[in-house]
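Everything below concerns the one structure shown next.
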Amino acid sequence: MPDGIPYAEALARYRIDEPRPQREDDLERQELLRRYHPDYREGATVSLAVGANRGDPCQHELARVLQANARIEEVDLAGAPTVDTDVVIVGSGGAGCAAALSAAESGARVVLVTKLRLGDSNTVMAEGGIQACIGSDDTPQLHYEDTLRGGHFRADRKLVAQMVMDGPDVIRWLIQQGMQFDQEPGSQLMGGNLLLKRPGGASRPRILSFKDYTGLEMMRVLRMAVSNHPRIEVWNRTPVVELLSNDQGDCAGCVVYWLQNRAYTLVHAPAVILATGGIGRMHLNGFPTSNHFGAMGDGLVLAYRLGAKLRDMDAFQYHPTGLARPQHKLGALVSEAARSMGAQLLNGRGVRFVDELNPRDHVSAAIIRECEEGRGIAADKGTEGVFLDIPTLERQNPGILQQFGSLVNLAERCGIDPSQTPFLVYPTLHYQNGGVRIDGDCATNVPGLYCAGELSGGIHGANRLMGNALLDILSFGRRAGASAASRRGAGRQQRVSIDHVHQWQRELTLAGLPLDVKAPALFPDYANFERQGEPPAADEQSSGQG
Ligand code: MEZ
2 MPDGIPYAEA
12 LARYRIDEPR
22 PQREDDLERQ
32 ELLRRYHPDY
42 REGATVSLAV
52 GANRGDPCQH
62 ELARVLQANA
72 RIEEVDLAGA
82 PTVDTDVVIV
92 GSGGAGCAAA
102 LSAAESGARV
112 VLVTKLRLGD
122 SNTVMAEGGI
132 QACIGSDDTP
142 QLHYEDTLRG
152 GHFRADRKLV
162 AQMVMDGPDV
172 IRWLIQQGMQ
182 FDQEPGSQLM
192 GGNLLLKRPG
202 GASRPRILSF
212 KDYTGLEMMR
222 VLRMAVSNHP
232 RIEVWNRTPV
242 VELLSNDQGD
252 CAGCVVYWLQ
262 NRAYTLVHAP
272 AVILATGGIG
282 RMHLNGFPTS
292 NHFGAMGDGL
302 VLAYRLGAKL
312 RDMDAFQYHP
322 TGLARPQHKL
332 GALVSEAARS
342 MGAQLLNGRG
352 VRFVDELNPR
362 DHVSAAIIRE
372 CEEGRGIAAD
382 KGTEGVFLDI
392 PTLERQNPGI
402 LQQFGSLVNL
412 AERCGIDPSQ
422 TPFLVYPTLH
432 YQNGGVRIDG
442 DCATNVPGLY
452 CAGELSGGIH
462 GANRLMGNAL
472 LDILSFGRRA
482 GASAASRRGA
492 GRQQRVSIDH
502 VHQWQRELTL
512 AGLPLDVKAP
522 ALFPDYANFE
532 RQGEPPAADE
542 QSSGQG
């Protein structure tokens, strides 16, 4: 990578509120992606050698864990207690909680198991907001078209249609749960119009938010509803290390691992909903991440080993504005909400080089191009970035920083005054665009196995738009809960085992793959809480690679 302009020099040249020349974009979007986006680089993927997607392209590091051996053997389960329930849900972010509530509302007994604590997830860290077509000039059709276009027309049209149609009802449901949303300035305290902002890649203002900690506010109400529900039992610090199967190969429960005493419990259930989130902490292609420590692809690994089909395993989202300085906050997110409100991106020469509200893959590729072509800003330890011009945004809209509590807090931790000094930003691994193939009821091709949220694929195609993740988790989380509950009583008499693991080991051996690579890893190497004890809360985590 060529050396960029030194940070101190770029900062000395930077002036608040100066007119910014904008460079003509010399590359078509497709060409920009092809040259600079990590997904499109030559050699970005390998072909999977085993499993339901054998022959399909998959990102390298992910292929390694998808084709890994199980962590446990039969012998580990000898004497493990068994618990029976109607629905077991793995993961307690927005999708897991929404699924738990709808399954319980449908009359099912629910066990919700979570690797960290109830609510510790990427949802709680989601800042900018949730999309729903509630504006007077907006329609589900426009939301549908924007989502398909943003995802390069690779999304499943039926799933997208379901999600956008659910949008207004999801917002109503959240308000009924007690969630607060920002209102238009000057609105009455009660009954005012909800404030709408335009996300990158959208044709209408469609983002609803609560300050810049929308996910935290969402999880506040979901956590409360789940905790208070008499039919939902929550187990904290209990990752799932394997699924259980019956003689037909259907999913029949899961193996829960208690982090605190390293013991196992078998949960037998006719329906399992995986809602384990994404893969950010795998640091694909060496990128830092905006994700919480648990985002290690557990659900993908477990579902794939049991025979579930995946899709779009070559498509990941690098959010344009992760921090590139200081080192201890590498990858932490500066919300797209700042660009939605008008914040601009400047290269080391003080020039705007992209429309900040283009889709994320485009904006990220443009930042990478600036850095690779020597127009980036070189910070310490070889990291580079461009400026996100918050000081000018504040100068032109006095007081706007009051709407950005998370951003101001982040600036404090970086030791800068956000009204005076721009953030140095670079793309950060943010989201898994693909995942487990689901139908409209969140069922996979394995009977008894359901998936919801970031773990599932098809809703965002090859690139997700801002705010469609929070809508996805609630739209599909609620559907997953209702459909899983309808399997109550199915297959009760069947023998339950981990026989599918033996079949999997045979496949690995035949393909010449090593048996000593084990997954899911649960936590990244540099933060192995299995050895070290208690992980920090999701909203307290640093984002880099240690
Ligand atoms: O949907 C997201 O990923 C989101 C809202 C992120 C953000 O920039 O705040």
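Position one of the sequence shown corresponds to residue 2 (our numbering), numbered consecutively onward. Each residue gets a CB set at the ideal place from its N, CA and C atoms; glycine is no exception.
Checklist entry - What does residue 388 pair with, by DSSP beta-bridge criteria? => result 347, 425
Next on the checklist: With three or more beta-carbon pairs closer than 8 angstroms as the criterion, would you say the segment 41-58 touches the segment 376-389?
Outcome noted: no
Checklist entry - Going by the C-beta, is residue 32 closer than 8 angstroms to any heavy atom of the ligand MEZ? => result no
Checklist entry - Between the Cα of residue 274 and the Cα atoms of 176, 99, 119, which residue gives the shortest distance? => result 99
Next on the checklist: Give me, in chain order, the residues of the same chain whose beta-carbon lies closer than 6 angstroms to that of residue 365; leave out the 5 immediate sequence neighbours on both sides.
Outcome noted: 319, 321, 428
Checklist entry - Going straight from the alpha carbon of residue 441 to that of residue 199, what length do you get? => result 28 angstroms
Item to check | Proximal residues to residue 130 (C-beta, below 6 angstroms), its chain only, five neighbours per side dropped | outcome: 208, 209, 210, 215, 468
Checklist entry - Going straight from the alpha carbon of residue 296 to that of residue 60, what length do you get? => result 16 angstroms
Next on the checklist: Quick check on the burial criterion: 16 or more other C-beta atoms within 10 angstroms. Buried or exposed for residue 501?
Outcome noted: buried
Next on the checklist: Does the structure place the segment 65-72 close enough to the segment 515-523 that three or more beta carbon pairs sit under 8 angstroms?
Outcome noted: yes
Item to check | Distance between residue 472 and residue 162 (C-alpha atoms, nearest Å) | outcome: 12 angstroms
Checklist entry - Under the rule that 16 or more other beta-carbon atoms within 10 Å means buried, what is residue 516, buried or exposed? => result exposed
Item to check | Same chain, Cβ closer than 6 angstroms to residue 363, neighbours up to 5 away in sequence not counted | outcome: 30
Checklist entry - Taking 8 angstroms as the line, does the beta carbon of residue 432 fall inside it for any heavy atom of the ligand ADP? => result Among the ligands in the structure shown, the ligand ADP does not appear; only the ligand MEZ can be found there.
Next on the checklist: Within a Cβ cutoff of 8 angstroms, which residues of the same chain sit near residue 229, ignoring the five residues on either side of it in sequence?
Outcome noted: none
Checklist entry - If you count every other CB in all the chains shown that lies within 10 Å of the CB of residue 20, and 16 or more means buried, which is it? => result exposed
Item to check | the ligand MEZ heavy atom lying under 8 angstroms from the CB of residue 471 | outcome: yes
Checklist entry - Which of helix, strand or coil does DSSP assign to residue 253? => result strand
Item to check | Range of the contiguous beta strand (DSSP E) that encloses residue 437 | outcome: 436-438
Item to check | Buried or exposed by the 16-neighbour rule on C-beta atoms within 10 Å, applied to residue 25 | outcome: exposed
Checklist entry - Using the C-alpha atoms, what's the distance from residue 173 back to residue 154? => result 29 angstroms
Next on the checklist: In this structure, how does DSSP classify residue 90 when only helix, strand and coil are distinguished?
Outcome noted: strand
Next on the checklist: For residue 277, tell me which candidate among 463, 242, 253 has the shortest Cα-Cα distance.
Outcome noted: 242
Next on the checklist: Counting only beta-carbon separations shorter than 9 angstroms, does residue 462 have a partner in chain C?
Outcome noted: Of the protein chains in the structure, only one exists, and it is not chain C.
Checklist entry - When DSSP labels each residue in this structure, what does residue 267 get in the three-state scheme? => result strand
Checklist entry - If residue 490 and residue 271 are in contact, beta carbons under 8 angstroms, what's the gap, nearest whole angstrom? => result 7 angstroms
Checklist entry - Between the C-alpha atoms of residue 251 and residue 450, what's the straight-line distance to the nearest angstrom? => result 8 angstroms
Next on the checklist: Cutting at 6 angstroms between CB atoms, please list the residues of its own chain near residue 220, excluding the five before and the five after it.
Outcome noted: 120, 124, 125
Item to check | Endpoints, the alpha helix (DSSP H) within which residue 401 is located | outcome: Residue 401 -> no alpha helix (DSSP H), and no H or E assigned at all.
Checklist entry - When the Cα atoms are used, what is the spatial distance from residue 411 to residue 326? => result 11 angstroms
Checklist entry - What residue does the alpha helix (DSSP H) around residue 1 start on, and which one ends it? => result Nothing can be reported for residue 1: it is not among the residues displayed for the chain, which extend from 2 to 547.
Checklist entry - residue 59 by DSSP, collapsed to three states: which one? => result strand
Next on the checklist: Could you compute how far the alpha carbon of residue 178 sits from the alpha carbon of residue 419?
Outcome noted: 34 angstroms
Checklist entry - What did DSSP end up calling residue 15 once you bin it into helix, strand or coil? => result coil
Checklist entry - Looking at the structure shown, is residue 20 part of a helix, part of a strand, or coil, going by DSSP? => result coil
Checklist entry - Where DSSP assigns a beta bridge to residue 550, which residues make up the other side? => result Residue 550 lies beyond the range of the chain shown here (2 to 547); nothing can be said about it.
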